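2 protein chains.
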Amino acid sequence: MGTTGRRVGRPRADQRADSGLPAREELLAAAAELFTTSGYAATTTRAVAERAGMRQATMYHYFTGKEELLAELLESTVAPSLALARRLLADHEASAESRLWELCRSDVELLCGGRHNLGGLYLLPEVRAERFAGFHRVRTELKEAYGQLLAATSPGAALDKDGLALRTDLVFGLIESVILIHRSDPDRPVAAFAEATADAALRIAGVPWE
Amino acid sequence: MGTTGRRVGRPRADQRADSGLPAREELLAAAAELFTTSGYAATTTRAVAERAGMRQATMYHYFTGKEELLAELLESTVAPSLALARRLLADHEASAESRLWELCRSDVELLCGGRHNLGGLYLLPEVRAERFAGFHRVRTELKEAYGQLLAATSPGAALDKDGLALRTDLVFGLIESVILIHRSDPDRPVAAFAEATADAALRIAGVPWE
Chain P
1 MGTTGRRVGR PRADQRADSG LPAREELLAA AAELFTTSGY AATTTRAVAE
51 RAGMRQATMY HYFTGKEELL AELLESTVAP SLALARRLLA DHEASAESRL
101 WELCRSDVEL LCGGRHNLGG LYLLPEVRAE RFAGFHRVRT ELKEAYGQLL
151 AATSPGAALD KDGLALRTDL VFGLIESVIL IHRSDPDRPV AAFAEATADA
201 ALRIAGVPWE
Chain G
1001 MGTTGRRVGR PRADQRADSG LPAREELLAA AAELFTTSGY AATTTRAVAE
1051 RAGMRQATMY HYFTGKEELL AELLESTVAP SLALARRLLA DHEASAESRL
1101 WELCRSDVEL LCGGRHNLGG LYLLPEVRAE RFAGFHRVRT ELKEAYGQLL
1151 AATSPGAALD KDGLALRTDL VFGLIESVIL IHRSDPDRPV AAFAEATADA
1201 ALRIAGVPWE
């Protein structure tokens, strides 16, 4: 059985000496890099394991395969925003407008903040598959939370069901569009861009803002 | 040399009997379908030729390979909008606001109107390559045209260079985000959605609208 000859993983160790990351995180980071630079279809599990400095067999100790790596990376682009959205929905102190603004701002920071543009993976044909139902469910719940915050604003309260669904799509669409903007200009400072996008989202929502 | 055994192309014929499309269009339609459903990396030129009902050798009569097919499909998602943008920029009768609205509306119709969601191909890692410089150039020119129309509106005229660039990114981002929205909900009627997106774009632009 061949090894890479260079860095070989230690099946029982949970910590990699060189990066300090747990092996699981190391594998996810390697997959994120390879999926976004070489492409998902062109990346083998062997390449992911090698990039993470371990044997392929060791990788299978942590992940069942390439699909599970992709599923976990996709979920990492939506799960933190859904958790924030739930906290904001439960917060009855702040106005709906300012909570919606904060969700937008934070979501843009998440989508643009990582080293790799994982949002770009949303459009892979493979992601339609049942295997990624978890990601689709979390993304749908996140969009529903945007809709609930929108409905709680005064312009949102005046909309009918279809009008609210359309406006939710447009706001959520603007937030996800930062994936494309970020790809064209990855060196843009994220914090100011996230605030400007949240401002624009509230203008779409019909809320007087700025 | 193997053939598919079923439908075999006629190298000298320019017209396919079954679809009535010229062979070149037939190949582009086949590539659009396969690239967006099976994925670009997983699609072979042989599969494209077979889907179009012709031999692989016949395909090479029209296209140098998979990359040229992808390049042409990508350009078809931006070139018509750039042509419209140039006509609108030269039209000094209509207001900048209404010309910007029309560009947005028409661009959304183009991005959502085809049978296949070609915009989804923007995010392929392969598309970064020099081979696709033509697409990137047309897309950049289209974005610049959005910026020029924005600068001609009264809120746009009040912005400094960086402010205008950011607002252009957000408007252009919203328009391209329909790629993601369309993917989630491909059966939505396009015309009303295109108008609603153009309305939202003008709200981002700071133009009182509706």
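Sequence lines, in order, name chains P and G. Residue numbering for the first sequence follows my numbering, starting at 1 and increasing by one per position. Residue numbering for the second sequence follows my numbering, starting at 1001 and increasing by one per position. Every residue gets a Cβ at the ideal spot worked out from N, C-alpha and C, and that includes glycine. Model, not experiment: these values are computed from the prediction.
Problem - Assigned secondary structure, Pro125/P (DSSP; H/G/I helix, E/B strand, else coil) - result: Note: Pro125/P maps to helix in three-state DSSP.
Handout entry: Any C-beta of chain P under 7 angstroms from that of Thr1077/G
Key = Among the residues facing chain P, Thr1077/G is not included, as its CB has no counterpart in that chain under 7 angstroms away.
Handout entry: Proximity test, Cβ basis, 7 angstroms: Val1138/G and chain P
Key = Not one chain P Cβ lies under 7 angstroms of Val1138/G.
Problem - As assigned by DSSP and simplified to three states, the class of Pro155/P - result: Looking at Pro155/P - three-state DSSP - the assignment turns out to be helix.
Practice task
Tell whether a beta-carbon distance below 7 angstroms holds between Phe35/P and Thr44/P.
Solution key: No, Cβ-Cβ distance for Phe35/P and Thr44/P is not below 7 angstroms.
Practice task
Please list the partners that Gly120/P has in chain G, where partner means a Cβ-to-Cβ separation under 7 angstroms.
Solution key: Within chain G, the residues near Gly120/P are Leu1123.
Handout entry: Rounded separation between Ala1041/G and Leu1121/G - CA only
Key = Those two C-alpha atoms are separated by around 11 angstroms.
Practice task
Confirm, please, whether the CB-CB distance from Val1108/G to Val1048/G is below 7 angstroms.
Solution key: No, they are not a contact pair.
Problem - With 16 other Cβ atoms within 10 Å as the buried cut-off, status of Ser154/P - result: Exposed: under 16 other Cβ atoms inside 10 Å.
Practice task
Use the C-beta contact count for Asp91/P: other C-beta atoms within 10 angstroms, 16 or more gives buried, fewer gives exposed.
Solution key: Only exposed fits Asp91/P, as fewer than 16 other CB atoms lie within 10 angstroms of its CB.
Practice task
Return helix, strand or coil for Pro208/P, following the three-state DSSP convention.
Solution key: It is coil, neither helix nor strand.
Exercise for the section: Please state if the CB of Leu166/P and the CB of Trp101/P are separated by a distance shorter than 7 angstroms. Expected result: Cβ distance not < 7 angstroms, so Trp101/P and Leu166/P don't count as in contact.
Practice task
Give me the Cβ distance between Gly39/P and Pro1125/G, rounded to the nearest whole Å; I'm assuming they're in contact under 8 angstroms.
Solution key: Indeed they touch by this definition, with Cβ atoms about 4 angstroms apart.
Exercise for the section: Kindly indicate which residue of Asp160/P, Glu141/P, Ala198/P, Pro189/P has the alpha-carbon position closest to the one of Ala85/P. Expected result: Among Asp160/P, Glu141/P, Ala198/P, Pro189/P, the Cα nearest to that of Ala85/P is on Glu141/P.
Exercise for the section: At 9 angstroms on the CB atoms, spell out the chain G contacts of Ser38/P, in chain order. Expected result: Simply Pro1125.
Exercise for the section: In angstroms with no decimal places, state the Cα-to-Cα distance between Leu88/P and Ala152/P. Expected result: C-alpha separation (whole angstroms): 12 angstroms.
Problem - Start-to-end residues for the alpha helix (DSSP H) that takes in Thr168/P - result: Start and end: 161 to 184.
Exercise for the section: Kindly indicate which residue of Val171/P, Arg188/P, Leu164/P has the alpha-carbon position closest to the one of Asp1162/G. Expected result: Residue Arg188/P is the option with its Cα nearest to Asp1162/G.
Exercise for the section: Assess, as a yes-or-no matter, whether the stretch 131 to 141 of chain P is touched by the stretch 68 to 83 of chain P under the definition of 3 or more beta carbon pairs within less than 8 angstroms. Expected result: Cβ pair count under 8 angstroms is three or more, so yes.
Exercise for the section: Go through the stretch 33 to 86 of chain P residue by residue and report every complete run of the alpha helix (DSSP H) that reaches 4 residues or more, in order. Expected result: With a minimum length of 4 residues, the continuous alpha helix (DSSP H) runs that stay inside the stretch 33 to 86 of chain P are 45 to 51, 56 to 62, 66 to 76.
Handout entry: Chain-ordered residues of the stretch 170 to 191 of chain P with a beta carbon less than 9 angstroms from chain B
Key = Here chain B cannot be found, since the structure's protein chains are P and G.
Problem - First and last residue of the uninterrupted alpha helix (DSSP H) at Arg1099/G - result: Looking at the DSSP string, the run of the alpha helix (DSSP H) that includes Arg1099/G is 1096 to 1113.
Practice task
Please work out which residues of its chain come closer than 8 angstroms, Cβ to Cβ, to Ile204/P, disregarding the five sequence neighbours upstream and downstream, and give them in chain order.
Solution key: Hits under 8 angstroms: Arg167, Leu170, Val171, Leu174.
Exercise for the section: Could you check which residue in Glu68/P, His61/P, Gly156/P, Gly119/P has the C-alpha nearest to that of Glu130/P? Expected result: When each option's Cα is compared against that of Glu130/P, the closest is Glu68/P.
Problem - When Ala31/P, Pro22/P, Ala23/P are compared against Arg115/P, the one with the closest alpha-carbon - result: If we check each option's Cα against that of Arg115/P, Ala31/P comes out closest.
Practice task
Look at the alpha carbon of Ala1145/G and the alpha carbon of Phe1135/G, and state the distance between them as a whole number of angstroms.
Solution key: Their Cα atoms are separated by approximately 15 angstroms.
Exercise for the section: With distances taken Cα to Cα, identify the nearest neighbour of Ser1184/G among Leu1164/G, Cys1112/G, Arg1024/G, Asp1160/G. Expected result: Among Leu1164/G, Cys1112/G, Arg1024/G, Asp1160/G, the Cα nearest to that of Ser1184/G belongs to Cys1112/G.
Handout entry: Cα-Cα separation between Ala224/P and Arg51/P, rounded to whole angstroms
Key = Outside the shown range of chain P, which is 1 to 210, sits residue 224/P, and nothing can be said about it.
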